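Peer 1: If you scroll down you'll find the structure; I have some questions about it.
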C-alpha cells in the first residue's frame, strides 16, 4: 500500500473543495415544486408588498391628529364618512375629521394615516363615533413595501427553499423558480462477502446495507442517488463499474472493501481514472478512519469504509455538504443541538470522534445525550441513536455533564 | 359571534386528539421508496445478523487460549493451517494450536473463538506465526446475532424510516415495507383581498401566501397537500369548498378570514358540516390567537389565522403532529435546540409565545438566538428567521441570556 497522508476532517474537506469543479446546472420549475431546491439566482422583488398601506385591525381609518387628546371621559367625535371593502380600493379620499370603517387587511383610503381599533371606539349614531384613545401616525397598519420593498433581493442564489420562502416568492408574484439540478450520485457497494437484500444469505455472506443507507442519505441531502449494486473486490470489475458511474454522475461513492487488500483495490482503481486522483487515504476520525478521498476530473470520488456506521458518518462529513450545496462552493450554516453527555467518554487527541447518542429531556428543560455504545459494524446502534455527538480533535475526552454538539439524524 | 372557549395550545391539541378518528391506510412499497414513510407494523427479524461469527480485523482466527501468556519477548507459536476467503465459509475446522488467516468481515472457522490482529503477529515461516499479545475469547469479532437477533423487533409500527432504518431492513432481508399512506390535507385560502400569485395585483389586493407556505409545510410533515385555491369570504361558496375538501381529504386547513366578519363565516360554515364541529375559537398564543379548531366526522378542520406567520406557527403546533403521525395517536419525540436569547422579551402569562429568531454560534460553542421582530403579517420575518423560540405560558418573559427552546424550520 502506498503511503498517503492521513488528514483531519477539516483538512479532508478543504482538500476536496480545492480540487472540485462541479458545474451546477439550472432548471426552472413551478413554484410548488421548488420546496427544498436550491435557488439558482437571486430573486428581486418587482413590486412592493403590500402594494398599499394596509390595516392590521378591524376599526376605523382616520387622520391620527384627529384623535390626539382623546380619552374615555372626553372622546374625540369623528364623522363616519365611508367604508373600505376588503380587497377593494377606497372609493374616495378621507378628509380631516372623517373616519372610514375598515377591516383587518383592508386598504387605507388616501388621506388616512392610522387605524383606530374598534375596541377603542363607541358608536354614537350611524354617522358618528367617539374615539376613546388616541393613535399615532402609522399605528395599526402595515406600510406599503414594509414586508418587501420593490427592488430588494428577497432570496439569494444557493438558498434552499423552505415553506416560508415559497410564501415570499408567491407574495412577489414569482410562480416559476430557477433552481439548481440535484447532483447525481453513483453508489457502488464492493465486497465479495455482500449479497443483495432480496437474496438468501449463505455462510460467510452478509446483506448489502450501505447501498440503502447511502441512498437515503443522498436523497435527504438533496441529491439524486443512482445505485450500481454490488461489485466484487476485483480490479477489472471495480474499474469498469467506477468508470461507468463516474461518467454518468457528479459524484461517486464506493463503500466497503474493509480489508486491507480490498481497500488497496479501490485506491488503485481510482488512481487509474484520472487526475488528480487519490488525495488522501485515511482520516483522523473515529469511526471512519479507512476513508479514501479522491477527485477525478473535478468530480469527488469517495471510498467509504465498509462498516455501516462509519460509512454514514463519513458521508455526513464529506459528501453531504457538497450535495447539499449542489456543488456550489458554499459554507454550511447548520446548527447542532447542544446536550450534556451523561458519562465520561475517552477520546484520543488529534482525532475527531463521532459518538452515537440517544437523547432525553430532563424536567428542567435541558437535554442530555446518552452514548449508544457498540461496534461500528453494527447498524442497530445507528437505529437506536437519535444523532451523533462530536468530540473535537483537540479534546482528550468529555466528562459527564459537559456540553457537546449533537447532530441529529 | 358565539362565545367559544379560548384554549391553551396544550388544551387545543388534547381536544382535537380526543375527537379525531382518522383511519390510517396501509400500502406496501419497495424498500428504497420507504424513506421518511411511517411503518405500518412492527418488523421482526427472521434471521440473525450477522449469520455467523465475523472478524472485525485483518489477522488470524485462533483459539484464544492458545495465545494466553504471549508477549513480544516470548511469542506464542501457532501453525497457520488455513485461510478464510471473504464471503465464504471456512473449508474445515480450526483445531487447537492452529491459526487461520482471516480478513476483516470474514467468517470465523468452527473451533475459533477470537481473532489476533495482524499487527500483533510475526511471520516466522509460511507455516508458522508468532503471536505477541494474547487475545480473550470473543475479541476482535462480532458474534452471530450481535447486530440483530432472530425474532427481535427491529423497528416498531409508526416509526418514520431514516436512512439507517432502510439499512437495517436491508440487513434482515426486508425489501418491501408496509407503510402508512400520507394524510391528504385540503388547503383553502379565503379572503376577498386575495389574488393568485400569477395574477397582477390591483389596489386593495394581496397575493395568496398561505396556500404556498402550507403546501410546503404539509409536504415537510409527510402529508399530501391538495390545493383548493382562493375562495371568497361568502357563506355559500366557502361551504361548498370546505364540504368538497372534507369529502376528499383527511384534514382541511382554511386560512385567512382575518377580519371578525370573515372569521365568523368560517366558523359558521364549519358548524354546518357535521359533529362535533367547532371545539374552540381562539387560542392563548401569540401569534395565532384567532384560530378555529374543529373536528367533523373524525377529521380535523382548522381555521388558521390569515397572517402568514401566525398560520405557519399554528400549523406547526396543531396540524403537523397529526400529519407527521399519519393520524396515529402518537406522542412526539422531537427535540428543540436550546439557545440563549440575546435580549429581554416580554410575554404575558397565560399565553404561549412563539418568537421568530435567527441563530448565531459564539466562539465558546454556545448558540444564541436573536429575536426577529416584526408584525405577524410580514412573511419576510419568517424568511429572515431560522426558527421560533417558545416562551411557555407560565412565564412573564425571558431575560437576555436565558435559555429557550428553539424549533428550527
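Protein chains in written order, with the working numbering: chain A, 1 to 409; chain B, 410 to 818. Cβ atoms here follow ideal geometry from the backbone N, Cα and C, with glycine treated the same way. Computed from a predicted structure; not experimentally measured.
#1: Just list the alpha helix (DSSP H) runs in the stretch 300 to 331 of chain A, keeping only unbroken ones of 4 residues or longer that don't cross its boundaries, in chain order.
#2: Within 7 Å of any Cβ in chain B, is that where the Cβ of residue 58 of chain A sits?
#3: Quick check on residue 477 of chain B: buried or exposed, where buried means 16 or more other Cβ atoms within 10 Å of its Cβ?
#4: Could you confirm whether any beta carbon from chain B is found closer than 7 Å to the beta carbon of residue 354 of chain A?
#5: From residue 715 of chain B to residue 780 of chain B, what does the alpha carbon distance come to, in whole angstroms?
#6: Got a sec: is the Cβ-Cβ distance from residue 556 of chain B to anything in chain A below 7 Å?
#7: Is DSSP giving residue 83 of chain A helix, strand or coil here?
#8: In terms of residues, what are the limits of the alpha helix (DSSP H) holding residue 622 of chain B?
#9: Would residue 607 of chain B pass as an interface residue toward chain A - the criterion being a Cβ-Cβ separation below 7 Å?
#10: Would you say residue 759 of chain B faces chain A, with C-beta separation under 7 Å as the test?
#11: According to DSSP, what are the bridge partners of residue 664 of chain B?
#12: Determine, using beta carbons only, whether residue 618 of chain B comes closer than 7 Å to chain A.
#13: Taking only beta-carbon positions, decide if residue 551 of chain B is within less than 7 Å of chain A.
#14: Quick one: which chain A residues come within Cβ less than 7 Å of residue 602 of chain B?
#15: In angstroms with no decimal places, state the Cα-to-Cα distance between residue 801 of chain B and residue 243 of chain A.
#16: If you draw a straight line from the C-alpha of residue 411 of chain B to the C-alpha of residue 769 of chain B, how long is it?
#17: Compare the beta carbon distance of residue 249 of chain A and residue 226 of chain A with 7 Å and say whether it is the shorter of the two.
#18: Quick check on residue 805 of chain B - is its C-beta less than 7 Å from some C-beta in chain A?
#19: Taking residue 690 of chain B as part of the beta strand (DSSP E), name the residues at either end of that continuous run.
#20: What is the DSSP secondary structure of residue 196 of chain A, reduced to helix, strand or coil?
#21: Whole angstroms is fine: what's the gap from residue 387 of chain A's alpha carbon to residue 409 of chain A's?
#22: For the beta strand (DSSP E) containing residue 507 of chain B, name the first residue and the last one.
#23: Output needed for residue 129 of chain A: all residues of its chain with C-beta closer than 7 Å, excluding positions within five of it in sequence on either side, in chain order.
#24: Of the choices B:418, B:431 and B:414, whose alpha-carbon is the least far from that of residue 707 of chain B?
#25: Mind listing the chain B neighbours of residue 370 of chain A? Cutoff is C-beta to C-beta under 9 Å, in chain order.
#26: Answer with yes or no whether the minimum CB distance from residue 628 of chain B to chain A is below 7 Å.
#27: Which residues bound the alpha helix (DSSP H) around residue 680 of chain B?
#28: If I follow the unbroken alpha helix (DSSP H) through residue 19 of chain A, where does it start and stop?
#29: Which two residues bound the contiguous beta strand (DSSP E) that contains residue 791 of chain B?
#30: Going by C-alpha distance, which of B:804, B:415 and B:455 is nearest residue 200 of chain A?
#31: Below 7 Å on C-beta distance, what does residue 165 of chain A contact in chain B?
#32: Use the C-beta contact count for residue 396 of chain A: other C-beta atoms within 10 angstroms, 16 or more gives buried, fewer gives exposed.
#33: By the DSSP assignment, the alpha helix (DSSP H) with residue 833 of chain B in it spans what residues?
#34: Tell me which residues share the same chain as residue 738 of chain B and place their Cβ nearer than 7 Å to its Cβ, disregarding the 5 neighbours each side in the sequence.
#35: Applying a beta-carbon distance threshold of less than 9 Å, which residues of chain B neighbour residue 66 of chain A?
#36: What residues are listed by DSSP as bridge partners for residue 43 of chain A?
Peer 2: In short, the structure shows the following:
#1: For the stretch 300 to 331 of chain A, whole alpha helix (DSSP H) runs of length 4 or above, ordered along the chain, are 308 to 314 and 320 to 324.
#2: Translated into positions along the first chain, residue 58 of chain A becomes position 58. True, the Cβ-Cβ gap to chain B drops below 7 Å.
#3: Here residue 477 of chain B refers to the residue found at position 68 when the second chain is read from its first residue. Result: exposed.
#4: One-based indexing of the first chain puts residue 354 of chain A at position 354. For residue 354 of chain A, the nearest beta carbon of chain B is not closer than 7 Å to its own beta carbon.
#5: If you number the second chain from 1, residue 715 of chain B lands on position 306. If you number the second chain from 1, residue 780 of chain B lands on position 371. The C-alpha of residue 780 of chain B is placed about 22 Å away from the C-alpha of residue 715 of chain B.
#6: In the second chain, the residue the question calls residue 556 of chain B occupies position 147. Chain A contact via Cβ: present.
#7: What you label residue 83 of chain A is simply residue 83 of the first chain in a count that begins at 1. Residue state, collapsed to three classes: strand.
#8: Numbered from its first residue, the second chain carries residue 622 of chain B at position 213. For residue 622 of chain B, the enclosing alpha helix (DSSP H) starts and ends at 619 to 630.
#9: Within the second chain, numbered from 1, the residue matching residue 607 of chain B stands at position 198. Interface with chain A (7 Å Cβ-Cβ cutoff): residue 607 of chain B is included.
#10: Residue mapping note: residue 759 of chain B aligns to position 350 of the second chain, counting from 1. Not an interface residue.
#11: By one-based count along the second chain, residue 664 of chain B stands at place 255. According to DSSP, residue pairing for residue 664 of chain B in a beta bridge involves B:598 and B:713.
#12: Position 209 of the second chain, counting from 1, holds the residue named residue 618 of chain B. Closer than 7 Å: yes.
#13: Mapped onto the second chain, residue 551 of chain B falls at position 142. So yes, residue 551 of chain B belongs to the interface.
#14: The count along the second chain starts at 1 and reaches residue 602 of chain B at position 193. Ordered by position in chain A, the residues that pass the 7 Å Cβ test against residue 602 of chain B are 86, 87 and 105.
#15: Taking the first residue of the second chain as 1, we reach residue 801 of chain B at position 392. Taking the first residue of the first chain as 1, we reach residue 243 of chain A at position 243. If I take the Cα positions, the gap works out to 57 Å.
#16: As a first step, residue 411 of chain B must be located in the second chain, where it is residue number 2. As a first step, residue 769 of chain B must be located in the second chain, where it is residue number 360. The pLDDT assigned to residue 411 of chain B is 45, lower than 50, so where the model puts this residue is not dependable, and the model offers no usable value.
#17: The residue you call residue 249 of chain A lines up with position 249 of the first chain. The residue you call residue 226 of chain A lines up with position 226 of the first chain. Contact flag set, yes.
#18: Counting from one through the second chain, the residue named residue 805 of chain B turns up at place 396. With 7 Å as the cut-off, residue 805 of chain B does not count as an interface residue toward chain A.
#19: On the second chain, residue 690 of chain B is found 281 positions in, with the first residue counted as 1. Unbroken beta strand (DSSP E) run through residue 690 of chain B: 685 to 690.
#20: The residue labelled residue 196 of chain A in the question sits at position 196 within the first chain. The three-state reading of DSSP puts residue 196 of chain A in coil, since its state is none of H, G, I, E or B.
#21: To locate residue 387 of chain A, count along the first chain from 1; it is residue 387. To locate residue 409 of chain A, count along the first chain from 1; it is residue 409. Rounded to whole angstroms, the gap between the alpha carbons of residue 387 of chain A and residue 409 of chain A is 5 Å.
#22: Reading the second chain from its first residue, position 98 is the one you call residue 507 of chain B. Unbroken beta strand (DSSP E) run through residue 507 of chain B: 507 to 511.
#23: The sequence position of residue 129 of chain A within the first chain is 129, counting from 1. Excluding the 5 residues flanking it on each side, residue 129 of chain A has same chain C-beta neighbours closer than 7 Å at 60, 78, 80, 99, 121, 122 and 123, in chain order.
#24: On the second chain, position 298 is the one that residue 707 of chain B refers to. Distance check between residue 707 of chain B and each of B:418, B:431 and B:414 places B:431 closest, using alpha-carbon atoms only.
#25: As a first step, residue 370 of chain A must be located in the first chain, where it is residue number 370. Per Cβ cutoff of 9 Å: no residues; residue 370 of chain A is ~13 Å from chain B at best.
#26: Along the second chain, one-based indexing puts residue 628 of chain B at 219. Judged by the 7 Å Cβ criterion, residue 628 of chain B is in contact with chain A.
#27: Here residue 680 of chain B refers to the residue found at position 271 when the second chain is read from its first residue. Counted as a single uninterrupted DSSP element, the alpha helix (DSSP H) harbouring residue 680 of chain B occupies residues 669 to 680.
#28: Start at 1 with the first residue of the first chain, and residue 19 of chain A comes out as number 19. In the DSSP assignment, residue 19 of chain A falls within the unbroken alpha helix (DSSP H) covering 9 to 19.
#29: Residue 791 of chain B sits at position 382 when you count from the first residue of the second chain. Segment 788 to 793 is the alpha helix (DSSP H) holding residue 791 of chain B; no beta strand (DSSP E) there.
#30: Along the first chain, read from residue 1 onward, the residue named residue 200 of chain A stands at position 200. Ranking B:804, B:415 and B:455 by Cα distance to residue 200 of chain A puts B:455 first.
#31: Here residue 165 of chain A is taken as the residue at index 165 of the first chain, counted from 1. Contact annotation for residue 165 of chain A against chain B: 792 [CB-CB distance below 7 Å, chain order].
#32: Counted from its first residue, the first chain places residue 396 of chain A at position 396. Burial state of residue 396 of chain A is exposed, judged by a 10 Å Cβ sphere holding fewer than 16 other Cβ atoms.
#33: Any property of residue 833 of chain B remains undetermined from this structure, which presents chain B solely from 410 to 818.
#34: As a position in the second chain, residue 738 of chain B is number 329, starting the count at 1. Setting aside the 5 residues that flank it on each side, residue 738 of chain B is surrounded in the same chain by 426, each with a C-beta closer than 7 Å to its C-beta; the list follows chain order.
#35: By 1-based counting over the first chain, the position of residue 66 of chain A is 66. Against chain B, the beta carbon of residue 66 of chain A has no neighbour under 9 Å; the closest one sits roughly 23 Å away.
#36: As a working mapping, residue 43 of chain A is identified with position 43 in the first chain. Its beta-bridge partners are A:155.
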